[in-house]
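Protein chains in written order, with our numbering: chain C, 104 to 992; chain R, 698 to 986; chain H, 476 to 704.
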Amino acid sequence: MATFKSISSIFLVFLTFLNVAISLYEDQIGKFDWKQSYIGNIKFGSFDSVKRVVVATDENVIASLHLKNGQIAWRQILESPHGNQIELLHVDKEVITVSGGESGWYVRGWELNLGTILWEWTLYSDKSLKGYWVISKDQLIHLVPAVGSHLEITTYEVRTGRNNGKTLRISAPWITDLSKCVTAGIYWTCISGESSSAELHYIDLSSQLDKVYNLSVEKLIGNAPGKVTLRSLQYAEPDILLIRNGVGRYVRLQPELPKVFTYGLSPNVAVAPNGDQTLLIQLESSSENPENIQIHSVELEEGKENRIETDYVNKTGISHIITALCRGSACRVLFSAQDHSISLLQLPAGKVAWTREEALSHIVATEFLELPVSELDASIEHEFDSVSGDVFGTLYHRLTSQARQLSVLLTGQQSTSNTGLVRDEFGLHKLIIVATNVGKLFAIDTITGNVVWSRFFNNVESFSLLNKHGMLLFVQRTARYSPLIPQCVLLMKDKITGNGIMYTFDPITGESLQLERLSYQINQVMLLPYEDDEHLKGLLILSGDSQVHLYPSSSKSILLKHASTTFLYTANPKQGTLHGLSLAYSTPENIKAVPTWSLNLGQAELVAVGIRPINERVHSQGRVLADRSVLYKYVNPNLLAIATIKDDSIHKHVLNIYLVDGVTGLIVYSTVHKRADKPVHLVHSENWLVYSYYNERFRRIELGAIELYEGSVQSNSTAFSSHAVSQLPHAEAQAYIFPGTPLAMQATITERGITNKHILVGLSNGAVTEIPWAFLEPRGNQGILNPEEGYIPYIPELPLPSEATINYNQSLARIRGLQVAPARLESTCLVLVHGLDVYYTRVTPSKTFDLLKEDFDHWLIAIVLIGLTVASYVTKRLASRKALKQAWK
Amino acid sequence: MKWLILVNFFLVFAEILCLEVTNGEEESETQGRYTIEGKVYAPDPPFTPANWQSDTRLHINGGKYLGFVKEDGSFIIHNVPSGSYILEVLHPEFTYEPIRVEINSRGKMRARKLNHIQTNLVAPVPYPVKMKPLGKTKYFQIREQWRLTDFLFNPMVLMMVLPLVLIMILPKMLNDPETKKEMEQIGSLTKFEMPEMSDLVTNFLAGTSQSQLQTKKSAKKSSDDSDFSALDSDKISSTEEIEQMHLPQPEERNIKKGTFILVISRGGACGEQPPDAFVLSRMLKFDGF
Amino acid sequence: MLMKGYCLCLLLQFGRIFGGNIEYDGWANINLQHALIASENPVFTERGNVTIQSLQTGLSTVYQKPLSQTDRVKLRDLAANNEFYQLKSIVTASDGSESVFISSVKACMLAESDLNDILSVSLDYSGKVVTVTLAVASTATCEGAVVPIDKLKEFSTSVYVRHPENGPVPDTITYTQKLEKQAKEKGEVKDNRSFLAKYWMYIVPVVIIMVLSSAANPDGAATGNNAAR
């Protein structure tokens with residue numbers, strides 16, 4: 104008997120492992136996933152040859168893009184962009200970058216064609232201050248100015264970092280404002296003084312001399328009112344642009360007297376050397392009509408002007424020219440727009456060859472949206488719409504609608520208005536609405552990964568949500584209510600005033616419904632769970648001064664009905680306080696949020712808050728134990744999970760996890776990890792919580808799991824109430840070693856919650872791995888596990904098999920977030936991973952149990968059936984023959 | 698044993714001391730920045746991807762410090778303060794084992810195997826580190842391939858074959874009055890059928906297992922042969938078989954058909970055509986089947 | 476009676492939490508004030524005092540005055556109108572620092588429980604009070620209740636000091652021990668184990684078939700024996 108038991112347990116374990124080993128088949132690559140790689144907002148760009156352009160971005164990334172299609176030829180991701188930025192990009196026979204910040208500077212040389220590193224050295228002295236970098240003949244010159252006093256120039260050998268040990272110190276009391284200083288070729292130049300008395304100072308950095316040239320600006324470009332500003336041209340020759348009143352003058356710096364070119368230029372200009380002549384490419388778009396771009400090219404020596412109109416329609420405001428390259432009459436101009444898109448313009452045709460939407464390199468809000476049903480299906484639904492009880496009216500209605508359906512069927516396809524954005528049978532085709540940090544909103548088709556529509560908002564920024572950027576995106580009405588259009592709302596922050604901006608739109612077409620600039624700052628936002636007559640969910644905004652605002656105002660009456668049972672909470676991450684607010688004291692005139700509970704977490708930093716997904720369903724109410732009793736899950740829809748980190752003199756850092764009831768403020772459970780530090784990621788689902796932290800003592804990442812059970816009696820099976828505290832849940836906790844660095848975590852979600860739960864973890868090595876919840880489930884301290892309960896034996900270090908990587912070899916850079924949504928197929932969960940790259944796929948935690956296998960042999964079953972039929976006929980014949988023979992015998 | 702405990706205690710103590718020292722150093726000296734050096738080896742030639750250097754990165758503590766691989770595979774990670782770090786080599790197609798690199802406050806380097814479970818177990822590896830690929834990362838499941846045995850063991854195929862067997866043999870056996878009589882005499886047909894079945898099953902399952910095959914073989918062989926022996930009736934080995942022989946004799950041809958099917962199905966299962974089947978099919982042809 | 480049973484249950488559950496530990500022991504004094512008229516700007520009146528002598532053991536003394544007649548009427552009305560009973564707790568810690576927490580319960584639940592309430596004082600690992608929450612032990616909520624006024628005499632409050640539990644730690648020791656034991660066992664009983672492990676899938680069907688066949692015709696086996704003889 105004992106052996107039988109052990110065998111069965113082996114079998115069980117085997118089964119579960121089998122279940123775990125879900126991975127793709129090789130022929131499924133790209134079948135339902137797509138990846139888009141981005142580089143970030145462009146800072147510097149330089150053409151390396153006629154084929155490619157090397158760019159450096161504010162994400163601290165360098166990349167080489169194909170001129171033909173804008174695809175990435177190679178990409179190298181440098182240190183984290185927080186505190187590290189690329190300050191110099193020099194493209195010659197090799198690519199040289201200087202990047203870094205306060206922690207030091209990295210000087211690197213890259214191979215032009217493949218992006219392999221050639222050499223690297225660092226500078227981590229006190230020279231990590233803001234400085235200027237210039238490359239001149241294998242010398243890297245680092246210039247550190249001190250405002251109002253002096254500047255220091257140090258020269259290094261560019262490939263090795265060797266310097267002659269000397270630092271040139273030049274007295275420079277004329278440095279007043281570093282924003283008026285630029286580098287130009289081997290010169291460093293500044294403007295000091297105001298309009299009429301303005302002076303230009305410049306130094307030849309390669310000369311190793313402390314000679315400063317001073318010149319009156321008046322002498323160069325004449326006297327006129329207006330402020331003079333300086334612009335560098337990022338060009339090998341020591342050329343600058345002196346701009347006054349929006350008109351630029353091209354100046355070439357030389358010892359003693361600079362050469363000034365007489366014609367006026369637009370400030371938005373790039374220099375394109377073309378054989379022995381030099382072309383200046385200007386990009387102009389008037390402020391009244393920013394949608395049209397005009398290109399002028401001017402020959403530097405002669406001032407001959409050539410004007411080209413482009414067909415590029417730019418809806419995103421003024422573009423910024425980065426670099427240009429000319430070969431004969433053909434030119435390529437690279438420019439970036441305010442929405443962080445990069446485009447390549449071909450001259451003289453004036454055609455835009457390609458555009459890269461670099462806004463997608465920093466996504467701050469995502470939402471999956473179900474598509475509307477097709478017109479045919481919709482008309483079937485309308486068939487039963489008529490409310491009049493009249494028999495003939497109904498008959499007429501049905502006949503006409505059926506005639507219409509028939510005509511749609513006969514004429515073939517759907518009308519063109521829908522353009523294929525139609526709900527499919529399994530709900531796998533959806534639209535992803537994505538808001539980006541720069542303020543551009545996109546709708547992306549999940550099947551193709553193409554952008555369906557986009558819209559850019561100028562001068563907006565994202566909120567800061569627990570040290571992360573975030574915007575708030577809600578679906579107010581889904582596409583389910585056919586004649587009514589679906590509606591989404593996006594909340595952003597005004598860059599100038601800090602007030603909220605509310606944008607309501609139709610997510611399918613991208614049509615704008617309303618753009619409202621609010622007159623207050625946003626503190627908390629809640630999508631009300633109640634629908635009005637038009638199936639629209641109201642939006643409740645709590646402003647900075649604790650006033651409640653409702654949108655649309657028609658949802659007020661519905662809210663008042665439920666006011667006594669509506670609660671919200673606010674968190675102050677800096678002070679570590681939490682407040683619960685009740686709407687019970689609202690009057691029809693005035694909706695009020697009154698504090699009902701408060702939490703003071705001490706001088707701790709709030710690092711993560713986890714709430715259960717609103718659309719999550721818990722299918723199974725409990726777990727069956729070996730003795731056939733049921734352990735009921737504690738499923739509290741109002742439960743908040745809070746993680747705080749507190750600095751401690753003895754334990755360095757202490758991680759606190761609190762599970763708080765959001766209605767009463769009761770701490771249901773709390774746990775403490777000493778010597779545990781950030782980063783903390785938290786996933787809260789069903790009756791469990793998974794969190795990751797860094798164990799400072801053992802220097803490893805660990806994962807904690809907490810599961811809450813009510814016990815063997817279910818307190819209230821019909822309706823849950825936070826007020827009725829009959830018993831506190833009993834918690835099981837267990838910790839695991841995690842052999843990786845998580846950057847984002849999320850639990851899968853499915854339509855009805857029958858499918859197993861998996862935890863998706865985005866790792867620093869670019870993989871997104873899938874861990875079954877069964878691996879993390881706390882087993883308690885029962886010692887010997889009963890095999891009937893189906894627990895997997897505890898292993899302290901979680902296995903991370905490569906087969907569990909959902910994005911196989913498509914490594915994703917700097918994962919920031921994971922978003923999941925259920926498909927209408929119970930087995931399937933849709934996943935969007937975003938960071939520097941965007942990746943979409945679907946996962947099936949319990950395999951596709953509700954679908955026929957892909958490799959299901961239709962032929963075999965058909966052949967066998969036919970074979971059986973044929974065989975039965977043949978045998979019938981044979982049998983009759985046999986019977987005949989028998990009779991003759 | 699006592700000695701062991703003592704040593705262990707000492708180790709822990711030393712570690713604490715070391716840690717405290719580094720803590721103190723970290724605060725006082727921010728300049729202590731060191732470099733970690735090593736070499737990454739490419740996968741062996743037939744699998745070496747072109748341009749693998751630019752696709753390979755090194756991460757220290759999940760990307761806090763970065764390393765890039767030069768053309769010859771060497772790398773230098775700059776700007777690393779003293780401490781204990783996990784060094785990983787990232788390549789989308791190949792797996793490398795991560796190691797732990799420790800830099801003490803005086804800049805002395807030590808590399809050791811990464812052991813998350815027993816953190817104070819030191820298994821040193823040479824420094825400068827040599828990172829060798831463990832192999833190609835397996836991301837995919839392998840699709841099942843079509844095999845004859847799978848096909849034959851397919852329930853549907855069995856469904857087609859078995860009824861045929863039953864339809865062809867059984868009625869004839871039962872219809873024959875002589876057989877009926879003999880059956881009653883001897884005992885039962887099941888007795889004949891059962892060992893046959895179990896023989897077959899054990900043979901399928903124990904297919905490769907020689908020992909089992911050996912023990913069963915003689916019996917099986919003789920029972921198979923009995924069919925032929927019915928034809929030339931000169932192979933009589935045991936009393937049991939004499940009695941069995943009585944069954945097929947009057948209806949030679951029919952039995953032949955039946956056994957033919959049986960043998961084929963078994964032959965397929967073993968993955969080879971047994972010589973018996975070959976002989977049989979020839980004979981059948983001769984018979985004008 | 477039923478209610479009492481649950482109360483006991485709750486008691487037990489709260490009691491479980493004493494397992495946790497805090498680093499420094501200390502005392503705390505909680506001054507309780509309540510508002511008996513529901514309002515967005517409640518006027519708090521004195522309810523009583525709770526002194527926790529030891530945060531470690533959770534030992535506490537509760538001092539609460541019986542409710543006055545007017546307060547009883549107010550509380551009854553509050554319960555009848557299905558409104559919230561608000562409580563303000565001013566916590567004075569052993570280091571002299573003061574912090575204020577608010578909490579609310581449904582007045583009808585409080586009245587129905589005959590003013591049997593629970594005060595949950597949650598601490599963090601250092602012994603600082605994180606929050607003070609008032610709760611009523613019950614399995615269901617009410618939507619307003621009229622309770623005879625003589626039942627609303629005096630609060631009987633149970634105070635629970637709740638500590639955070641020590642976070643779980645990956646259990647590496649038992650695992651390594653298990654591995655070592657397994658390694659040892661492997662050396663000794665290797666053959667026996669591997670035979671079973673290797674051949675069980677062959678043996679089990681054979682045995683089953685044998686058993687089945689012998690069970691199907693027991694006399695067959697007998698005849699076989701006869702034949703052999």
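Glycine included, each C-beta is placed from N, C-alpha and C at the ideal position.
(request) Starting from the beta carbon of Glu-794 (chain R), find every residue of chain C whose beta carbon is closer than 9 angstroms, and list them in chain order. (result) The count along the second sequence starts at 1 and reaches residue 794 (chain R) at position 97. Within chain C, no residue comes near Glu-794 (chain R); the closest Cβ sits about 11 angstroms away, beyond 9 angstroms.
(message) Measuring straight from C-alpha to C-alpha, what distance separates Gly-642 (chain H) and Leu-534 (chain C)?
(response) Numbered from 1 along the third sequence, position 167 holds the residue referred to as residue 642 (chain H). Numbered from 1 along the first sequence, position 431 holds the residue referred to as residue 534 (chain C). Cα-Cα distance, rounded: 41 angstroms.
(request) State yes or no: is the beta carbon of Lys-829 (chain R) nearer than 8 angstroms to at least one beta carbon in chain C? (result) Counted from its first residue, the second sequence places residue 829 (chain R) at position 132. No, Lys-829 (chain R) lies away from the interface with chain C (no Cβ there is under 8 angstroms from its Cβ).
(request) Measure from the C-beta of Leu-859 (chain R) to each C-beta in chain C and report whether the shortest distance is under 8 angstroms. (result) Working through the second sequence from its first residue, we reach residue 859 (chain R) at position 162. It does not; no Cβ of chain C falls within 8 angstroms.
(message) I believe Gly-552 (chain C) touches Tyr-943 (chain C) by the beta-carbon criterion, under 8 angstroms. Please report the beta-carbon distance rounded to the nearest angstrom.
(response) As a first step, residue 552 (chain C) is located in the first sequence; it is residue number 449 there, counting from the start. As a first step, residue 943 (chain C) is located in the first sequence; it is residue number 840 there, counting from the start. At roughly 6 angstroms, the Cβ-Cβ gap stays under 8 angstroms, so Gly-552 (chain C) and Tyr-943 (chain C) are in contact.
(request) Examine chain H for any beta-carbon lying closer than 8 angstroms to the beta-carbon of Pro-842 (chain C), and answer yes or no. (result) What you label residue 842 (chain C) is simply residue 739 of the first sequence in a count that begins at 1. Chain H has no Cβ within less than 8 angstroms of the Cβ of Pro-842 (chain C).
(message) So if DSSP puts Ser-579 (chain H) in a beta bridge, which residue, or which two residues, is it bridged to?
(response) For the purposes of this step, residue 579 (chain H) is taken as the residue at position 104 of the third sequence. Answer is H:Gln-561, bridged to Ser-579 (chain H).
(message) With a threshold of 8 angstroms, are at least 3 pairs of Cβ atoms found where one atom belongs to the segment 772-781 of chain C and the other to the segment 695-706 of chain C?
(response) no
(message) Between Gly-964 (chain R) and chain C, is the shortest Cβ-Cβ distance under 8 angstroms, so that the two count as touching?
(response) Taking the second sequence and counting its residues from 1, one reaches residue 964 (chain R) at position 267. Note that Gly-964 (chain R) scores 32 on pLDDT, short of 50, meaning its location in the model is unreliable; the coordinates nonetheless yield the value given after this. Gly-964 (chain R) does not count as touching chain C.
(request) Let me know if Leu-845 (chain R) comes out buried or exposed under the rule of 16 or more other beta-carbons within 10 Å of its beta-carbon. (result) As a working mapping, residue 845 (chain R) is identified with position 148 in the second sequence. With a threshold of 16 other beta carbon atoms within 10 Å, Leu-845 (chain R) falls short and is exposed.
(request) Report the rounded CA-to-CA distance for Met-856 (chain R) versus Val-862 (chain R), giving the unit in angstroms. (result) For the purposes of this step, residue 856 (chain R) is identified with residue 159 of the second sequence, where counting begins at 1. For the purposes of this step, residue 862 (chain R) is identified with residue 165 of the second sequence, where counting begins at 1. Cα-Cα distance, rounded: 10 angstroms.
(message) Closest to Tyr-623 (chain C) by C-alpha separation, out of C:Gln-617, C:Ser-646, C:Leu-616, would be which residue?
(response) If you number the first sequence from 1, residue 623 (chain C) lands on position 520. Answer by Cα proximity: C:Ser-646.
(message) Taking only three categories from DSSP, how would you classify Glu-875 (chain R)?
(response) On the second sequence, position 178 is the one that residue 875 (chain R) refers to. Reduced to three states, the DSSP call for Glu-875 (chain R) is helix.
(message) Quick check: the Cα distance between Cys-617 (chain H) and Gly-683 (chain C), rounded to an integer number of angstroms?
(response) The residue given as residue 617 (chain H) occupies position 142 in the third sequence. The residue given as residue 683 (chain C) occupies position 580 in the first sequence. Cα-Cα distance, rounded: 21 angstroms.
(request) Please confirm whether Gln-174 (chain C) and Leu-181 (chain C) have their CB atoms less than 8 angstroms apart. (result) Numbered from 1 along the first sequence, position 71 holds the residue referred to as residue 174 (chain C). Numbered from 1 along the first sequence, position 78 holds the residue referred to as residue 181 (chain C). Not in contact: Gln-174 (chain C) and Leu-181 (chain C) (Cβ atoms no closer than 8 angstroms).
(request) Have a look at Leu-383 (chain C) and Leu-403 (chain C) and give me their C-alpha separation to the nearest angstrom. (result) The sequence position of residue 383 (chain C) within the first sequence is 280, counting from 1. The sequence position of residue 403 (chain C) within the first sequence is 300, counting from 1. The straight-line gap from Cα to Cα measures roughly 6 angstroms.
(request) Answer yes or no: do Glu-873 (chain C) and Ile-840 (chain C) have a C-beta to C-beta separation smaller than 8 angstroms? (result) Residue 873 (chain C) sits at position 770 when you count from the first residue of the first sequence. Residue 840 (chain C) sits at position 737 when you count from the first residue of the first sequence. No, the pair does not count as a contact, with Cβ atoms beyond the cut-off.
(request) Rounded to whole angstroms, what's the CA-CA distance from Lys-950 (chain C) to Ser-795 (chain C)? Just pull it up for me. (result) If you number the first sequence from 1, residue 950 (chain C) lands on position 847. If you number the first sequence from 1, residue 795 (chain C) lands on position 692. About 27 angstroms.
(request) Note down, in chain order, all residues in the segment 763-776 of chain C with a beta-carbon under 7 angstroms from any beta-carbon belonging to chain H. (result) So the close ones are Thr-767, Gly-768, Leu-769, Ile-770, Ser-773, Thr-774, Val-775, His-776.
(request) Take Asp-646 (chain H) as the anchor and find which of C:Phe-801, C:Gly-705, C:Thr-279, C:Cys-293 has the nearest alpha-carbon. (result) For this step, residue 646 (chain H) is matched to residue 171 along the third sequence. Among C:Phe-801, C:Gly-705, C:Thr-279, C:Cys-293, the Cα nearest to that of Asp-646 (chain H) is on C:Phe-801.
(request) Please confirm whether Lys-833 (chain R) and Glu-790 (chain R) have their CB atoms less than 8 angstroms apart. (result) Locating residue 833 (chain R) in the second sequence gives position 136, where the first residue counts as 1. Locating residue 790 (chain R) in the second sequence gives position 93, where the first residue counts as 1. Against a cut-off of 8 angstroms, the Cβ pair of Glu-790 (chain R) and Lys-833 (chain R) comes out as a contact.
(request) Could you tell me whether the Cβ of Gly-705 (chain C) comes closer than 8 angstroms to any Cβ of chain H? (result) As a first step, residue 705 (chain C) is located in the first sequence; it is residue number 602 there, counting from the start. With 8 angstroms as the cut-off, Gly-705 (chain C) counts as an interface residue toward chain H.
(request) Using a cut-off of 9 angstroms between C-beta atoms, extract the partners of Thr-647 (chain H) located in chain R. (result) The residue you call residue 647 (chain H) lines up with position 172 of the third sequence. Under the 9 angstroms cutoff, chain R gives His-813, Ile-814, Gln-815, Thr-816.
(message) Could you tell me which whole beta strand (DSSP E) segments of length 3 or greater appear in the segment 512-560 of chain H?
(response) 520-529, 534-539
(request) Could you check which residue in C:Gly-264, C:Tyr-654, C:Ser-335 has the C-alpha nearest to that of Lys-283 (chain C)? (result) In the first sequence, residue 283 (chain C) corresponds to position 180, counting from 1. Closest by alpha carbon: C:Ser-335.
(request) Go through its chain and collect everything with a Cβ distance to Val-467 (chain C)'s Cβ below 7 angstroms, but skip five positions before and after it. (result) Here residue 467 (chain C) corresponds to residue number 364 of the first sequence, with the count starting at 1. These residues qualify, in order along the chain: Ala-538, Thr-539, Asn-540, Ser-565, His-572, Gly-573, Met-574.
(message) Does chain H have any CB closer than 8 angstroms to the CB of Ser-133 (chain C)?
(response) Against the first sequence, residue 133 (chain C) aligns to sequence position 30. The sequence as given places Gly at residue 133 (chain C); Ser does not occur at that position. Not one chain H Cβ lies under 8 angstroms of Gly-133 (chain C).
(request) Give the DSSP-derived three-state secondary structure of Asp-780 (chain C) in the structure shown. (result) As a working note, residue 780 (chain C) is residue 677 in the first sequence. Strand, per DSSP.
(message) Less than 7 angstroms between C-beta atoms, sequence neighbours within five positions excluded: which residues of the same chain meet that for Pro-184 (chain C)?
(response) Position 81 of the first sequence holds residue 184 (chain C). Asp-161, Glu-162, Asn-163.
(message) For Ala-375 (chain C), count the other beta carbons within 10 Å of its own beta carbon; 16 or more makes it buried, fewer makes it exposed. Which is it?
(response) Your numbering for residue 375 (chain C) matches position 272 in the first sequence. So Ala-375 (chain C) counts as buried.
(request) Quick one: using the 10 Å Cβ neighbour count with 16 as the cut-off for buried, is Asp-570 (chain H) buried or exposed? (result) Within the third sequence, residue 570 (chain H) is the residue found at index 95, counting from 1. Classification of Asp-570 (chain H): exposed, given that the 10 Å Cβ count is below 16.
(message) Checking 8 angstroms against the spacing of the C-beta atoms, do Ile-238 (chain C) and Ile-199 (chain C) come in under that value?
(response) Taking the first residue of the first sequence as 1, we reach residue 238 (chain C) at position 135. Taking the first residue of the first sequence as 1, we reach residue 199 (chain C) at position 96. Yes, they are a contact pair.
(message) On a Cα-Cα basis, can you pick out the residue from C:Leu-903, C:Ser-867, C:Ser-930, C:Pro-875 that is closest to Gly-920 (chain C)?
(response) Taking the first residue of the first sequence as position 1, residue 920 (chain C) is located at position 817. Comparing Cα-Cα distances from Gly-920 (chain C) to each of C:Leu-903, C:Ser-867, C:Ser-930, C:Pro-875, the minimum goes to C:Ser-867.
(message) If we require 4 or more residues per run, which alpha helix (DSSP H) segments fall completely within the segment 744-807 of chain R?
(response) 749-752
(request) Take Leu-792 (chain C) as the anchor and find which of C:Ser-510, C:Arg-430, C:Leu-743 has the nearest alpha-carbon. (result) Here the question's residue 792 (chain C) lines up with position 689 in the first sequence. Ranking the options by Cα distance to Leu-792 (chain C), first place goes to C:Leu-743.
(request) Note down, in chain order, all residues in the segment 781-806 of chain R with a beta-carbon under 7 angstroms from any beta-carbon belonging to chain C. (result) Ser-781, Glu-785, Leu-787, Pro-789, Glu-790, Thr-792
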